[in-house]
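The next block holds one structure in the form of structure tokens; read it before the comments.
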Amino acid sequence: MVILDEKSLMLPPPPPYVEAGPISPPPFPTQSRAPPTLSTLPPHILLRIVYETFSDGRVEKQRKVLYWLTMSLRLVNRSVYIACMHVLRSTYLPAYASLIRSPYTSDPFPHGTSSTTESASSSSLRPAQSVQRETRVLDLYIVLKVREDVWTDDSEFHLEREESFKDLFDLMQPRARLEDLVRHYGTREGVISVPSSSGITQVASAPATPTSPTHSKKTVSWKTDASSSRISRSGPAPLPFAALSASYSPRAVGVVLTTRQSKRKIVEIPRTREETLEASAKKLVRELRGWLASNPDHVVR
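Its first residue numbered 1, the sequence shown is counted upward by one per residue in full-length UniProt numbering.
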């Protein structure tokens, strides 16, 4: 006599028996992986490896490690370069900022950079390049400071060359900072373009109808009103920032346009020693706006 259970009849039959094959238990994959390299490691792990190269001993040994990062390790590949520069810049940025003299300002890593600019600087540019030009001055200071520190530790007779730092902070730093400010204000006003990683030129929007300039004795004045002289979308093409550079002196500043055919100064304004770089940059942008309006057919190649 067989007793049938209705519940057991409703259940599906068990799966057929299959002989176990060479399947690795989880979480181990069956395929073999290639050994990791410095170029394939995640950034946070690579950064941790760089930090582990520092010893807990004397300051002199740590300076030699910084010298080794600067002169050797960061030249391995792009990933190692980014990790080393993260350590070097965060280490020497306070000392760099302390050498900036009033009325100059410094901002090698602006927080207001757009995502398109960041992607351009991280993907389309080489590791040594940066949209922010003051970053290059900071990198030059790091190379110089690291070398001077190690040479001072090696010999008591080594004298630090102050004229090297003087050239950086009397000329190169304010000029680079001025170029970054001109780029910032120029893109906002629509007179300067900055390419993105996708190749699309980023230009801020401007009013659709520009106001006509005022004429006086066959000369044109473009300084009547800051809002009345903006370049429209249908007006002259903005100048590419890659072709622009700044000429700087304590008494005058200007913008130099470099093309395949020539290199010429297109605008120049006087300045005082007490004038801030922000004020000088805004004046240069107004002059660039007037230069574009008077040269609508310009072509930069």
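The C-beta atom is built at its ideal place from N, Cα and C for all residues, glycine as well.
By the Cβ test, the region 67-74 is not in contact with the region 158-165, since fewer than three Cβ pairs between them sit closer than 8 Å. Excluding five sequence positions before and after Arg-271, the CB atoms of its chain that fall closer than 7 Å to its own CB belong to Arg-251, Ala-252, Val-253, Ser-280, given in chain order.
Look at Val-256 here: in three-state DSSP terms it is strand. Boundaries of the alpha helix (DSSP H) around Val-65: 59-71. Asp-149 and Pro-236 have their C-alpha atoms roughly 51 Å apart. Rounded to whole angstroms, the separation of the alpha carbons of Gln-173 and Ser-294 is 31 Å. Residues Val-137, Leu-140, Tyr-141 of the same chain have their beta carbon placed closer than 7 Å to that of Leu-168, with the five preceding and five following residues left out of the count. Runs of the beta strand (DSSP E) spanning 3 or more residues and lying entirely within the region 132-200 occur at 192-195, in chain order. Around the beta carbon of Lys-263, fewer than 16 other beta carbons sit within 10 angstroms, so the residue counts as exposed.
Pro-103 and Gly-290 have their C-alpha atoms spaced approximately 27 Å apart. For Val-80, the three-state secondary structure derived from DSSP is helix. Where Tyr-248 is concerned, the enclosing beta strand (DSSP E) starts and stops at 244-248. Its Cα nearest to that of Arg-74, the residue Arg-89 stands out among Arg-89, Leu-288, Lys-61. Going by DSSP, Ile-266 is part of the beta strand (DSSP E) stretching over 263-270. Scanning its chain for C-beta atoms nearer than 7 Å, with the 5 sequence neighbours on each side dropped, one finds around Arg-175 the residues Ala-246, Tyr-248, in chain order.
Take Phe-54, set aside five residues on each side of it, and the residues of its chain with a beta-carbon closer than 6 Å to its own are Gln-62, Val-65, in chain order. Residue range 43-52 is occupied by the alpha helix (DSSP H) that includes Ile-45. About 6 Å separates the beta carbon of Leu-277 from that of Leu-181, a gap short enough to meet the 8 Å contact definition. In the structure shown, Pro-94 adopts helical secondary structure according to DSSP, grouped into three states. Per DSSP, reduced to three states, the secondary structure at Leu-11 is coil, with no helix or strand assignment. The beta carbon of His-86 is closer than 7 Å to those of Leu-47 in its chain, skipping five residues each way along the sequence. In this structure, the alpha-carbon of Lys-265 lies about 13 Å from that of Leu-239. Here the alpha carbons of Leu-288 and Pro-296 stand approximately 12 Å from one another. The distance from the Cβ of Cys-84 to that of Val-50 is about 6 Å, consistent with a contact at the 8 Å cut-off. Judged by DSSP in its simplified three-state form, Leu-38 adopts coil rather than helix or strand. In the three-state DSSP reduction, Leu-239 falls in the strand class (E or B). The beta carbon of Asp-154 lies closer than 8 Å to none in the same chain, with the five residues before and after it left out. Nearest C-alpha to Leu-38 among Asp-56, Val-76, Met-10: Val-76.
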